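Residue numbers (UniProt numbering): 1 to 355. We treat Cβ as the ideally placed atom computed from N, Cα and C, and that holds for glycine. As the structure is a computational prediction, the values presented were derived from the model and not from experiment. The structure appears right after this line, and notes come after that.
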Amino acid sequence: MQEIRVELTEHPQPKPTDSSKLGFGTIFTDHMFIMNYDEGEGWHDARIVPFGPIELSPAAMCLHYGQSVFEGMKAYRAVDGRILLFRPDKNMARLNSSNDRLCIPLIDEEFSKKAIEKLVSIEKDWIPSAEGTSLYIRPFIIGIDPHVGVHPAQHLLFIVLCSPVGAYYPEGLNPVKIYVETNYVRAVKGGMGYTKTAGNYAASLKAQDEAEKQNYTQVLWLDGVERKYIEEVGTMNVFFVIGDEIVTPALQGSILPGITRMSAIELLKSWGMNVVERKLSIDELAQAAQDGKLKEAFGTGTAAVISPIGHLKWGDDVMNINNGEIGPISQRLYDTLTGIQWGKIQDEFGWTVEV
Ligand code: COI
């Protein structure tokens with residue numbers, strides 16, 4: 001395994017003192033991890049260096065053709081002071097799945113996990129401890145060849161930065177308002193919907209912007225072909241409690257395979273609940289709401305954690321779910337998942353990794 005060179009900053013920044021003002025993703029820690037890829041040499045020159053601007057040619061491929069992938073993961077300060085990562089192996093595996101789709105050379109998952117552990121341990125004093133806070137970790141890879149021809153890059157950068165964060169949605173655990181997007185589409189099967197690549201998020205911006213102008217938090221994407229089946233929200237996967245079934249859309253290539261989604265399914269199954277991954281049309285959901293069978297809706301994601309959905313609008317049809325309040329299943333999932341992440345609950349699944 002290659003060595004990781006460490007160069008510590010001579011100008012450490014003051015750490016945030018008020019955890020309630022952290023917000024999401026605007027404050028960065030003192031250091032970042034960087035590693036280069038050059039054709040013929042492979043991934044090399046792994047280093048942890050002071051956080052700061054990187055030099056890129058204006059012709060760098062990632063700026064023109066979006067050859068760029070990323071991950072989102074968190075480090076938690078447990079109640080007993082330990083620092084825990086949550087299922088980092090799954091993030092590294094998903095990064096390689098995105099890499100493969102975008103013709104990015106695969107990374108060594110074990111080495112990358114160790115590099116992130118080393119970065120987090122250097123930045124441990126940046127990890128907030130207040131309830132609901134964590135250190136968000138953003139690994140990403142970009143193609144940097146100065147070349148405006150459309151080809152897979154031969155020179156790339158793998159960077160990891162860290163940001164102390166609070167809740168992603170200002171609503172926190174209060175239910176969010178979402179509408180069903182009927183004009184734009186996010187992804188189609190055969191495309192890149194299952195990857196974490198910049199383009200998927202760029203494709204969502206217009207709809208997101210229109211939603212915010214109408215006082216909605218996000219949009220719920222339907223499939224891009226029939227415009228009928230529910231997919232995801234874009235920052236989170238979705239679950240619906242319909243009668244005695246908990247339904248989440250099956251992964252069919254256009255939906256992000258969320259690690260929180262996977263963990264929620266495993267938890268729900270371990271509680272003996274009837275969780276089903278299947279196609280769910282928006283008509284079926286609206287009918288269930290009309291028949292009083294739609295009990296709860298919630299999103300899952302690393303940034304979003306468990307986010308109840310209290311209001312879902314589809315054209316003129318408004319579904320007010322569980323009177324706009326968090327339901328018992330969403331609450332139990334939130335408590336259990338964050339309980340494991342913050343070391344308050346025994347981690348029977350072996351999901352946490354101590355740094
Ligand atoms: C995450 O949940 O980690 C995400 O990447 C979603 C969003 C912040 C882009």
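{"Check": "For the ligand COI, I want to know if THR197 counts as a neighbour, meaning its beta carbon is within less than 7 Å of at least one of the ligand's heavy atoms.", "Outcome": "no"}
{"Check": "Might you give, ordered along the chain, the residues of its own chain that have their beta carbon closer than 8 Å to the beta carbon of HIS155, omitting 5 neighbours on each side?", "Outcome": "ASN36, TYR37, ASP38, GLU39, GLY143, ILE144, ASP145"}
{"Check": "Evaluate the contact criterion for the segment 65 to 84 versus the segment 332 to 344: three or more CB pairs, one atom per stretch, below 8 Å.", "Outcome": "yes"}
{"Check": "For the candidate residues GLU296, VAL241, ALA289, SER254, whose alpha-carbon lies nearest to that of ASN274?", "Outcome": "VAL241"}
{"Check": "Any idea if VAL188 is buried or exposed, counting beta-carbon neighbours within 10 angstroms, 16 or more meaning buried?", "Outcome": "exposed"}
{"Check": "State the CB to CB distance for the pair ILE137 and ILE104, rounded to an integer number of angstroms; the pair is presumed to be in contact (CB under 8 Å).", "Outcome": "No, ILE137 and ILE104 are not in contact; Cβ-Cβ is about 19 Å, not under 8 Å."}
{"Check": "If contacts are defined as beta-carbon pairs under 8 Å, then GLY301 and GLY258 qualify, I think. What distance do you get, rounded to the angstrom?", "Outcome": "6 Å"}
{"Check": "Determine which residues share a DSSP beta bridge with ALA303 and list them.", "Outcome": "For ALA303, which the question treats as bridged, DSSP gives no partner whatsoever."}
{"Check": "Tell me, please, whether the segment 83 to 102 touches the segment 176 to 186 by the rule of three or more beta-carbon pairs shorter than 8 Å.", "Outcome": "no"}
{"Check": "Is any heavy atom in the ligand COI found nearer than 7 Å to the beta carbon of THR9?", "Outcome": "no"}
{"Check": "Secondary structure at ALA288, three-state DSSP: helix, strand or coil?", "Outcome": "helix"}
{"Check": "Would you check if there are 3 or more beta carbon pairs closer than 8 Å linking the segment 220 to 232 to the segment 244 to 252?", "Outcome": "yes"}
{"Check": "Is GLY350 near the ligand FAD, going by C-beta to nearest heavy atom under 7 Å?", "Outcome": "With respect to the ligand FAD, the structure shown offers nothing to examine, as its ligands consist of the ligand COI."}
{"Check": "Just to confirm, is the Cβ distance from ILE326 to PRO308 under 8 Å?", "Outcome": "yes"}
{"Check": "Please return the same chain residues whose Cβ sits closer than 8 Å to the Cβ of PRO14, not counting the five positions on each side in sequence.", "Outcome": "none"}
{"Check": "Are the CB atoms of ILE48 and PHE33 nearer to each other than 8 Å?", "Outcome": "yes"}
{"Check": "Based on the DSSP output, what are the partners of HIS44 in its beta bridges?", "Outcome": "ASN36"}
{"Check": "For the ligand COI, which residues have a Cβ under 5 Å from at least one heavy atom, in chain order?", "Outcome": "GLY72, THR235, GLY301, THR302, ALA303"}
{"Check": "Would you mind working out which of ILE4, THR235, VAL165 sits nearest SER19, comparing C-alpha positions?", "Outcome": "VAL165"}
{"Check": "Less than 7 Å between C-beta atoms, sequence neighbours within five positions excluded: which residues of the same chain meet that for PHE298?", "Outcome": "PHE239, ILE306, SER307, PRO308, ILE309, SER330"}
{"Check": "Considering only DSSP beta bridges, list what VAL241 is partnered with.", "Outcome": "ILE246, GLU296"}
{"Check": "Roughly how many whole angstroms lie between the Cα atoms of ASN322 and GLY172?", "Outcome": "17 Å"}
{"Check": "What is the DSSP secondary structure of ALA153, reduced to helix, strand or coil?", "Outcome": "coil"}
{"Check": "Which residues in the same chain as ALA304 place their Cβ atom closer than 6 Å to its Cβ, once the five residues preceding and following it in sequence are excluded?", "Outcome": "TYR168, THR235, MET236"}
{"Check": "Quick check: the Cα distance between ARG101 and ALA202, rounded to an integer number of angstroms?", "Outcome": "17 Å"}
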